[in-house]
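Colleague: According to my numbering, the stretch in the first sequence is residues 12 to 932, in order.
Using N, Cα and C, we set each Cβ at its ideal position, and we do this for glycine too.
Below you'll find the structure I mean.
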Amino acid sequence: MQKYTPKDIEEKWYKAWGKNNLFAPSGQGAPFSIAIPPPNVTGTLHMGHAFQHSIVDALIRYQRMKGRKTLWQMGTDHAGIATQMLVTEQLAKENVSPSQLGREQFIQRVWDWKERSGKTISNQLRKLGASLHWDTERFTMDAGLSNAVNEVFIKLYEDGLIYRGKRLVNWDPLLKTSLSDLEVESKEEKGSLWHLRYPIADLEGEFLVVATTRPETMLGDTAVAVNPEDTRYKKYIGKTINLPITQRKIQIIADQYVDPDFGSGCVKITPAHDFNDYDVGKRHGLELINILNANGTLNDQAPKAYEGLDRFDARKKIVEELSSLDLIEKIEDHISAIPRGERTGEIVEPFLSDQWFVSADLLAENAIKVVENGEIDFLPKNTENIYFAWMRNIQDWCISRQLWWGHQIPAWHDQEKNIFVGRSEEEIRAKYSLATNVNLDRDKDVLDTWFSSALWTFSTLGWPEKTKELKTFHPTSVMVTGHDIISLWVSRMIMMSLYFLEEVPFKKVYVHGLITDANGQKMSKSKGNGLDPTDIIEGISLKGLVKKRTSNLMQPKMSQKIERNTIKEYPEGISAYGTDPLRFTFQSLASGSKSVSFDVKKVEGYRNFCNKLWNAGQYVLSKIEKKESKPILDAKINLDVNKWIQSELQACIRAVDFAMETFRFDLAVKAIYEFVWNEFCDWYLELTKPVLQSDESSDDEKNETKKTLITIIESILRLIHPFTPFISEEIWQKIPREYKEAADYIMVANYPISDSTLTDEQASKNICWLKETVTAIRNIRGEMDISPVRKIPIIISRGTEQDRLNLEKFEPLLKALIVPESITWKEPEDHNPLAATAIAGTMELLVPMENLIDKESELTRLSKELTKKNKEFEAIKKKLDNPNFIDKAPKAIVEKEDLKRQRLDEVIKNLEHKKSQILEI
RNA sequence: AGGAAUGUAGCUCAGUUGGUUAGAGCAUCGUCUCGACAAGGCGAGGGUCGUCGGUUCGAAUCCGACCAUUCCUACCA
12 MQKYTPKDIE
22 EKWYKAWGKN
32 NLFAPSGQGA
42 PFSIAIPPPN
52 VTGTLHMGHA
62 FQHSIVDALI
72 RYQRMKGRKT
82 LWQMGTDHAG
92 IATQMLVTEQ
102 LAKENVSPSQ
112 LGREQFIQRV
122 WDWKERSGKT
132 ISNQLRKLGA
142 SLHWDTERFT
152 MDAGLSNAVN
162 EVFIKLYEDG
172 LIYRGKRLVN
182 WDPLLKTSLS
192 DLEVESKEEK
202 GSLWHLRYPI
212 ADLEGEFLVV
222 ATTRPETMLG
232 DTAVAVNPED
242 TRYKKYIGKT
252 INLPITQRKI
262 QIIADQYVDP
272 DFGSGCVKIT
282 PAHDFNDYDV
292 GKRHGLELIN
302 ILNANGTLND
312 QAPKAYEGLD
322 RFDARKKIVE
332 ELSSLDLIEK
342 IEDHISAIPR
352 GERTGEIVEP
362 FLSDQWFVSA
372 DLLAENAIKV
382 VENGEIDFLP
392 KNTENIYFAW
402 MRNIQDWCIS
412 RQLWWGHQIP
422 AWHDQEKNIF
432 VGRSEEEIRA
442 KYSLATNVNL
452 DRDKDVLDTW
462 FSSALWTFST
472 LGWPEKTKEL
482 KTFHPTSVMV
492 TGHDIISLWV
502 SRMIMMSLYF
512 LEEVPFKKVY
522 VHGLITDANG
532 QKMSKSKGNG
542 LDPTDIIEGI
552 SLKGLVKKRT
562 SNLMQPKMSQ
572 KIERNTIKEY
582 PEGISAYGTD
592 PLRFTFQSLA
602 SGSKSVSFDV
612 KKVEGYRNFC
622 NKLWNAGQYV
632 LSKIEKKESK
642 PILDAKINLD
652 VNKWIQSELQ
662 ACIRAVDFAM
672 ETFRFDLAVK
682 AIYEFVWNEF
692 CDWYLELTKP
702 VLQSDESSDD
712 EKNETKKTLI
722 TIIESILRLI
732 HPFTPFISEE
742 IWQKIPREYK
752 EAADYIMVAN
762 YPISDSTLTD
772 EQASKNICWL
782 KETVTAIRNI
792 RGEMDISPVR
802 KIPIIISRGT
812 EQDRLNLEKF
822 EPLLKALIVP
832 ESITWKEPED
842 HNPLAATAIA
852 GTMELLVPME
862 NLIDKESELT
872 RLSKELTKKN
882 KEFEAIKKKL
892 DNPNFIDKAP
902 KAIVEKEDLK
912 RQRLDEVIKN
922 LEHKKSQILE
932 I
């Protein structure tokens, strides 16, 4: 028999599905669509992607099997900054700089790179089993989407929602581009606070002390501000400062912004290099002195000695010079939040430059409404707080980037700095009747990548054309994403879709957690704790893993530590667990919590589960022969075991449906896991063995059992398919056609629907009795170290009439599961031998002690059992002794408790009796 | 500073609207080649549900305070 080997069964099916066009929307059901959060075209699949796409694929496959016309729209984005950086780095290895190459050639290089590497992520998604519709794959830079971007830009400009202006923006001096607020990360870092003495003009020897974390910015100071109420400084307001080094004179002004209790109560004002100072400057009409070049060096506004110096070298020099002038009061250690570019890690500077902005207020207003009124639901509900918080305090969005890779802004400038926005130079010339001697230059900036991503749900469906796809699949059904992306992307999609289509982009936003390592640490290259989903699917040696984690480190010093940790955590590397177990693990983690820790041990557990399912499949298939299908399929179901497992299956289907409706993927897979392993494998399969093997069971019984076996496993496979597509397809394909749903592939078979007529409570009760009885005997075996194959005599005592009936009915099954030497029924009044006792219901199961059972161990066992039961009894007694409980609690509860008390009382008396009997020996 | 979330077994997490003895996986211990499965079977141990108070007949669950951790937003130069 073939062993479960994920690799052997996973590779072939994806191709088969694709060949048969199963990824394309089909059928007449209500549309269900999801737009993939576009991965970076030059990127690779990371754990977050794998997690996210596993969830989406489960949703998509579930709805597809439910008969919906299902589209999972594939596409990638151009990731302006990340991709431009990457290609620049490649060029650097050839000792070529982008400027040497020129804009056009550089862009060509990026396209070349995209052609080469763009397939990596697609292939990884295929490996993951993602049932994406590849035929309509889109890319943010392709012609159609670029056209959509232009249309949106032009319309927003014409409607007055896009404007251009000189503003202070976040500037990355390495990339020499602006960044939006959301692309800047501020973290606390150690630094210094320099307290500078600024000499007051005309007052020899008097100073104002200002503090700063960036001394070099003093070269751009145009004022010193104090609080107007500050009595210490009132007298200086209106006077001037001789700004050291520069020899400029700057005013002392009064502004409420200054906190008199912080530091000296004096603040240097540098309007061109600080966001707060910018506002102060505006209020007071201060001059803006920009002292920086785009690359972070000082410009000609700085004294000659400083011109051309890098900002941090300038800082050192300023401090030295001030120090030699005795103008430094003190230097303190200081921790402050340092803003860094998300991609480059470079310290971002507030920088004065011409930029394009989307004014956000109007767009935000509508976007807030649709979430408030429930047109869009966030799941889990509280994630909408992130959305509201950002939306209600929205700032205008800086959309221009000084990059080459991206959508070039469709605007032209003439000599007089007039701006013309349009589809092309020709169109503009015609529209504005510009003479041929007017020179037009195209704006050099490109748009923020998120500008094109904001159109994603509709641009990928063909907008601005009124396509059939757009009509059918928009608004999309769900957006699945991480909470870190709500402001950056989700909110902007909502704004754009509302403005341009007057409908929401999606009806639901499911926000999943962030994948961390097994210790709850964020996975990162620099910590060396990251995992590549491909390595979990295909396996990797320890050596390979160490190499992966330690190569291209920003801090090579970490290398040894990373290696040690890796050896400790994965001494054997990672074995090839396969896609299905990885996917099942991700589902089990999707509980709605904010962060989810990923442990390879979990994958191992679910790999074992897949193995279990595999073996169960083997067992069932081995019992079914094609040629006898007729009597099997015609069989009527009479046996309790068969009715019971059907009931359990129905309950499981209901649980899965409920979980899927509420986006609790963890509960969905848990329901399946428990049903398959704990009921189907542990009990049902074992119970079919005596029926199928025994000569005493009739052909009818055998046939109905075979029928049930195959029915249940076939349903299980369809039930589990959205979560583990490959193993389910593999086993399902081996089931002879006549036993299964009419479909060529399980992927497009119908999803199981729960059928309440298949629920049989009496059968379930009876099987429950059987399980309890078996468990009780197994407990004695286990505790008494009696080998499971050794035959033991069993006496059943104090049983009810129902117990006796059950015993009769299930004797063959009991015999198979508990391997008794004999089973004897005794009436309560009969004398019982000394025996080990177990309780099932109120019935006593006795295993006579002779030669089998040790007195001491049985006493321990009885005591343990007694303690448990007594504790329980006390708790119930306490309740029932409370008159308030009897009075106020619902009758049903009180009766239930009372019944429990009676039963326990009986059980305890029996146990005590047994104990005293043994003590007497 | 403001906002939000989390705290349940050694670890990672479930626990629907308050109502049996608070569950699972992994880890631990004992035991078993029993014809699907040692990637397994069978059995066992392990928890004052962060702390304190309140509401209630009854609280892991509802309310308040506190402690701890995490995230987001804004940062005082």
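#1: Runs of 3 residues minimum, wholly inside the segment 208-296: which ones carry the beta strand (DSSP E) assignment?
#2: My output table needs one value for ARG560: the three-state DSSP class, helix, strand or coil.
#3: With DSSP as the reference, please indicate the residues paired to LYS540 in a beta bridge.
#4: Determine, using beta carbons only, whether PHE933 and ILE20 come nearer to each other than 7 Å.
#5: Would you check whether the ligand MN has a heavy atom nearer than 6 Å to the C-beta of HIS295?
#6: What residue from ARG675, GLY584, GLU707, THR716 has the CA that sits closest to ASP645's CA?
#7: I need the straight-line Cα distance from MET507 to LEU303, nearest angstrom please.
#8: Of all the options ARG114, THR55, GLY29, ILE724, which has the alpha carbon lying nearest to the alpha carbon of ASP543?
#9: Pairing CB atoms from the segment 568-576 with CB atoms from the segment 708-723, are three or more of them under 8 Å?
#10: Please report how far the alpha carbon of ALA849 lies from the alpha carbon of PRO859, in whole angstroms.
#11: Who pairs with TYR756 in a beta bridge, going by DSSP?
#12: What did DSSP end up calling ASP677 once you bin it into helix, strand or coil?
#13: Taking the straight line between their C-alpha atoms, what separation do you get for LYS782 and THR770?
#14: Does LYS776 come out as helix, strand or coil in the three-state DSSP assignment?
#15: Between the segment 343-356 and the segment 377-388, do at least 3 Cβ pairs fall closer than 8 Å?
#16: Inspect the beta-carbon positions of TYR739 and ASP677 and report whether they are closer than 7 Å.
#17: Should the segment 518-530 be called in touch with the segment 462-477, which here means at least 3 C-beta pairs below 8 Å?
#18: On the DSSP letters alone, give me the boundaries of the alpha helix (DSSP H) that ILE945 sits inside.
#19: How would you write the range of the beta strand (DSSP E) that SER609 sits in, first residue to last?
#20: Tell me, please, which residues DSSP counts as bridged to LYS198.
#21: Applying the criterion that 16 or more other CB atoms from any shown protein chain within 10 Å of the CB defines a buried residue, is ASN563 buried or exposed?
#22: On the premise that ILE791 lies in contact with ALA847, defined as a C-beta separation below 8 Å, what is that separation, rounded to the nearest angstrom?
#23: Please check the pair ASP591 and ASN31, which I expect to be a contact at CB under 8 Å, by giving their CB distance rounded to whole angstroms.
#24: Name the DSSP bridge partner or partners of MET490?
#25: Please go through the same chain and pick out, in chain order, the residues whose beta-carbon is closer than 6 Å to the beta-carbon of PHE43, but skip the five residues on each side of it.
#26: In terms of alpha-carbon separation, which member of ILE757, PRO516, PHE286, SER640 lies closest to THR719?
#27: When the Cα atoms are used, what is the spatial distance from ALA236 to ILE264?
#28: With H, G and I counted as helix, E and B as strand and the rest as coil, what does DSSP make of PRO859?
#29: In angstroms, rounded to a whole number, what distance separates the CA positions of SER1 and VAL278?
#30: Suppose the cutoff is 6 Å on Cβ atoms and the five residues either side in sequence are ignored; what does the same chain contact list for GLU749 look like?
#31: Check HIS144 in the structure and name its three-state DSSP category.
#32: Span of the alpha helix (DSSP H) holding TRP694?
#33: Would you kindly check if the distance between the Cβ of ILE252 and the Cβ of THR209 is under 7 Å?
#34: Check PHE150 in the structure and name its three-state DSSP category.
#35: State buried or exposed for GLY113, treating a residue as buried only when at least 16 other CB atoms are found within 10 Å of its CB.
#36: Tell me the DSSP secondary structure of PHE368 in three-state form.
Modeller: With the structure as the only source:
#1: 218-223, 234-237, 251-254, 259-265, 277-280
#2: Along the first sequence, one-based indexing puts residue 560 at 549. Three-state result, ARG560: helix.
#3: As a first step, residue 540 must be located in the first sequence, where it is residue number 529. The sequence given here places Asn at residue 540; Lys does not occur at that position. DSSP output for ASN540 lists no bridge partner at all.
#4: Outside the displayed range of the chain (12 to 932) lies residue 933, so it cannot be described from this structure.
#5: Among the components modelled here there is no ligand, and therefore nothing to report on the ligand MN.
#6: The residue labelled residue 645 in the question sits at position 634 within the first sequence. If we check each option's Cα against that of ASP645, THR716 comes out closest.
#7: Here the question's residue 507 lines up with position 496 in the first sequence. Here the question's residue 303 lines up with position 292 in the first sequence. In a straight line, the C-alpha of MET507 is about 35 Å away from that of LEU303.
#8: Position 532 of the first sequence holds residue 543. It is THR55.
#9: The segment 568-576 is not in contact with the segment 708-723.
#10: Mapped onto the first sequence, residue 849 falls at position 838. Mapped onto the first sequence, residue 859 falls at position 848. C-alpha separation (whole angstroms): 12 Å.
#11: Numbered from its first residue, the first sequence carries residue 756 at position 745. For TYR756, which the question treats as bridged, DSSP gives no partner whatsoever.
#12: Taking the first residue of the first sequence as position 1, residue 677 is located at position 666. In the structure shown, ASP677 sits in a helix (DSSP, three-state: H, G or I).
#13: For this step, residue 782 is matched to residue 771 along the first sequence. For this step, residue 770 is matched to residue 759 along the first sequence. Approximately 18 Å between the Cα atoms of the pair.
#14: As a position in the first sequence, residue 776 is number 765, starting the count at 1. Helix, per DSSP.
#15: Flag = no, the segment 343-356 and the segment 377-388 do not touch.
#16: Here residue 739 corresponds to residue number 728 of the first sequence, with the count starting at 1. Here residue 677 corresponds to residue number 666 of the first sequence, with the count starting at 1. In the sequence as presented, Tyr is not what sits at residue 739; that position holds Ser. Not closer than 7 Å, so no.
#17: no
#18: There is no way to answer for residue 945, as the model of the chain reaches only from 12 to 932.
#19: Mapped onto the first sequence, residue 609 falls at position 598. The amino acid at residue 609 is misidentified as Ser; the sequence shows Phe. Run containing PHE609: none; DSSP gives neither H nor E here.
#20: Position 187 of the first sequence holds residue 198. Partner(s): ILE349.
#21: For the purposes of this step, residue 563 is taken as residue 552 along the first sequence, with counting starting at 1. Exposed: under 16 other Cβ atoms inside 10 Å.
#22: One-based indexing of the first sequence puts residue 847 at position 836. One-based indexing of the first sequence puts residue 791 at position 780. Right, their Cβ atoms sit about 5 Å apart.
#23: Indexing the first sequence from 1 puts residue 591 at position 580. Indexing the first sequence from 1 puts residue 31 at position 20. No, ASP591 and ASN31 are not in contact; Cβ-Cβ is about 20 Å, not under 8 Å.
#24: Your numbering for residue 490 matches position 479 in the first sequence. Answer is VAL520, bridged to MET490.
#25: Taking the first residue of the first sequence as position 1, residue 43 is located at position 32. Same-chain partners within the cutoff: GLN74, ARG79, THR81, SER488.
#26: For the purposes of this step, residue 719 is identified with residue 708 of the first sequence, where counting begins at 1. Here the closest residue by C-alpha is SER640.
#27: Locating residue 236 in the first sequence gives position 225, counting from the first residue. Locating residue 264 in the first sequence gives position 253, counting from the first residue. One C-alpha to the other measures close to 5 Å.
#28: Against the first sequence, residue 859 aligns to sequence position 848. PRO859 falls in the strand class under three-state DSSP.
#29: This structure cannot speak to residue 1, because the chain is shown only from 12 to 932.
#30: In the first sequence, counting from the first residue as 1, residue 749 sits at position 738. Non-local C-beta neighbours of GLU749 in its own chain, meaning closer than 6 Å and more than five positions away in sequence, comprise SER640, ordered along the chain.
#31: Position 133 of the first sequence, counting from 1, holds the residue named residue 144. Strand.
#32: Numbered from 1 along the first sequence, position 683 holds the residue referred to as residue 694. From DSSP, TRP694 is part of no alpha helix (DSSP H); its letter is neither H nor E.
#33: Position 198 of the first sequence, counting from 1, holds the residue named residue 209. Position 241 of the first sequence, counting from 1, holds the residue named residue 252. It is Tyr, not Thr, that sits at residue 209 in the sequence shown. A contact, by the Cβ cut-off of 7 Å.
#34: As a working mapping, residue 150 is identified with position 139 in the first sequence. It is a strand residue.
#35: By one-based count along the first sequence, residue 113 stands at place 102. The residue is exposed, with fewer than 16 neighbouring Cβ atoms inside 10 Å.
#36: Within the first sequence, numbered from 1, the residue matching residue 368 stands at position 357. Here PHE368 sits in strand by DSSP.
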